[in-house]
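For reference, each letter of the sequence shown is one residue, going 431 to 756 in the working numbering.
From the three backbone atoms N, C-alpha and C, an ideal C-beta is built for every residue, glycine too.
Bear in mind the structure is a predicted one, so any value in this text is a computation, not a measurement.
Scroll down for the structure; my scribbles are underneath it.
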Amino acid sequence: MKTTAIAPANIAFLKYWGKRDAASRLPANSSFSMNLTNATTVTTVEFSDEYTKDLVSFDGESVSSHEAQRIVDHITVLRTLAGSKKSARIVTKNSFPKGTGVASSASGFAALTVAASGALGLTFRERELTILARRGSGSACRSIPDGFVVWEKGASDDTSYARSIAPSTFWNLRDVLCIVDTSMKKVSTSEGHQQVSSSPLWEKRQQGIDRTLSCMLDAFHARDFVRFGQLVEDECLSMHAVMQTQIPPLHYWNDVTIELMKSISKWREDGLPVYYTIDAGPNVHVLCEAKHEQQVVSLVGAIGGVSRVIVNAPAEGARTVTSHLF
Ligand code: DP6
């Protein structure tokens, strides 16, 4: 059976950085994100006796042997659950550049989990799907449910899952994603997660993180953009402070990233409610309410070095679609 799924990338307002268990990707803390309308992955999976081995390809982009192996390992988990011995063909297409901190692993493993489960005839409830996606890439579990999503850190494999806390219609936020560099990351997030405790700031971050999440959720439910945006920006800086003081240090920003960060503070001083967050890459997610979208798009477009702007609204989660990639 051939099945195709689409999944959104997500932007974390409260970040997942550090794991309690690397193999099953149990996170050190709960995290909170929004699915993105215009940063998506589509994946088609077909299991068939016609294939003598698993074939992985990214439509129009190169795929490293390490990436291909991670995908094969993930479908092998599902294949074993289904009791199948068939090989698969997997074709994936991203709507955004891969490997630049736009969380291609999140949308990628969410789409792969939904497509491969469907192609194997497995039916799961959403919670189980998020657990399976998490094993492929932690942040992928947050791309399965709709809209605004909390990934509960849980105490075990069964209890570390993601759930929607509000539909995409709850708050008309925008993530104006500024692409400033499309080259691949040098250090993968999976490697970075493993070194968190070498940062002297790590424990301090962890001590306050449950309180940060509860304050952020309060501001979110009240739709208080200024309180919410400031908490999100502070949280981003807290994660990057850990990254930059880990051994070896991870410096994901470039000159354009920093110029954007400073400009956003200036625009705010001038009265525009706008905040930023940044994942494991140099690209900047500029957050505003829908009513300020046009103004933000024209301001970021005037900054040299911003090569592309992708405007995202809150999106639905992963789902199957009827048109296939092959
Ligand atoms: C900085 O989900 O890519 O984007 O579980 O090892 O695949 P693995 O890590 P990954 O880490 C994402 C880290 C982040 C923050 C976040 O999305 O919460």
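Residue i in three-state terms, based on DSSP
{"i": "threonine 752", "result": "coil"}
{"i": "lysine 696", "result": "helix"}
{"i": "lysine 634", "result": "helix"}
{"i": "methionine 482", "result": "As written in the sequence, residue 482 is threonine, which differs from the methionine given in the question. Correct three-state label for threonine 482: coil."}
{"i": "glutamate 491", "result": "strand"}
{"i": "threonine 553", "result": "coil"}
{"i": "alanine 498", "result": "helix"}
{"i": "alanine 546", "result": "helix"}
{"i": "phenylalanine 585", "result": "Inspection of the sequence shows that residue 585 is occupied by alanine rather than by phenylalanine. Coil."}
{"i": "alanine 435", "result": "strand"}
{"i": "valine 472", "result": "strand"}
{"i": "valine 726", "result": "helix"}
{"i": "serine 628", "result": "helix"}
{"i": "isoleucine 639", "result": "helix"}
{"i": "leucine 680", "result": "coil"}
{"i": "valine 617", "result": "coil"}
{"i": "isoleucine 688", "result": "helix"}
{"i": "glycine 513", "result": "coil"}
{"i": "isoleucine 505", "result": "helix"}
{"i": "alanine 652", "result": "coil"}
{"i": "glycine 711", "result": "coil"}
{"i": "glycine 538", "result": "helix"}
{"i": "glycine 734", "result": "coil"}
Contacting residues, own chain, Cβ-Cβ under 6 Å from residue i (five flanking each side not counted)
{"i": "phenylalanine 658", "result": "Ala649 and Phe650"}
{"i": "arginine 653", "result": "Trp601"}
{"i": "alanine 540", "result": "Ala437, Ala563, Ala570, Ser573, Ile574 and Ala748"}
{"i": "phenylalanine 655", "result": "Pro703 and Glu719"}
{"i": "arginine 450", "result": "Leu456 and Ala458"}
{"i": "serine 594", "result": "Pro575, Asp576, Gly577 and Val579"}
{"i": "valine 472", "result": "Ile436 and Lys523"}
Residues of its chain near residue i, where Cβ-Cβ distance is below 7 Å and the 5 sequence neighbours each way are ignored
{"i": "glutamine 674", "result": "Leu680 and His681"}
{"i": "proline 630", "result": "Thr675"}
{"i": "alanine 512", "result": "Leu550, Gly551 and Leu552"}
{"i": "methionine 669", "result": "Lys445 and Trp447"}
{"i": "asparagine 468", "result": "Ser525, Ile740, Val741 and Asn742"}
{"i": "serine 454", "result": "Arg565 and Asp587"}
{"i": "isoleucine 677", "result": "Gln625 and Ser628"}
{"i": "serine 695", "result": "none"}
{"i": "histidine 754", "result": "Lys432, Thr434 and Thr474"}
For residue i: DSSP bridge partner residues
{"i": "methionine 464", "result": "Ile441 and Phe578"}
{"i": "valine 716", "result": "Val606 and Tyr706"}
{"i": "leucine 456", "result": "Asp451"}
{"i": "phenylalanine 477", "result": "Ala518"}
{"i": "proline 744", "result": "Leu466"}
{"i": "serine 594", "result": "Val579"}
{"i": "arginine 657", "result": "According to DSSP, which records beta bridges pairwise, arginine 657 is partnered with nothing at all."}
{"i": "arginine 564", "result": "Per DSSP, none; premise fails for arginine 564."}
{"i": "valine 739", "result": "Cys608"}
{"i": "lysine 523", "result": "Val472"}
Cβ shell of residue i (< 8 Å), same chain only, five flanking positions each side left out
{"i": "glycine 733", "result": "One point to set straight first is that residue 733 is isoleucine, not glycine, in the sequence displayed. Contacts found: Cys608, Val686, Glu689, Leu690 and Ser693."}
{"i": "leucine 485", "result": "Ser517, Ala518, Arg519 and Ile520"}
{"i": "arginine 698", "result": "Val704 and Tyr705"}
{"i": "glutamate 665", "result": "Phe443, Leu444, Lys445, Thr642, Met646 and Thr707"}
{"i": "glutamate 746", "result": "Pro438, Asn465, Asp576, Gly577 and Ser598"}
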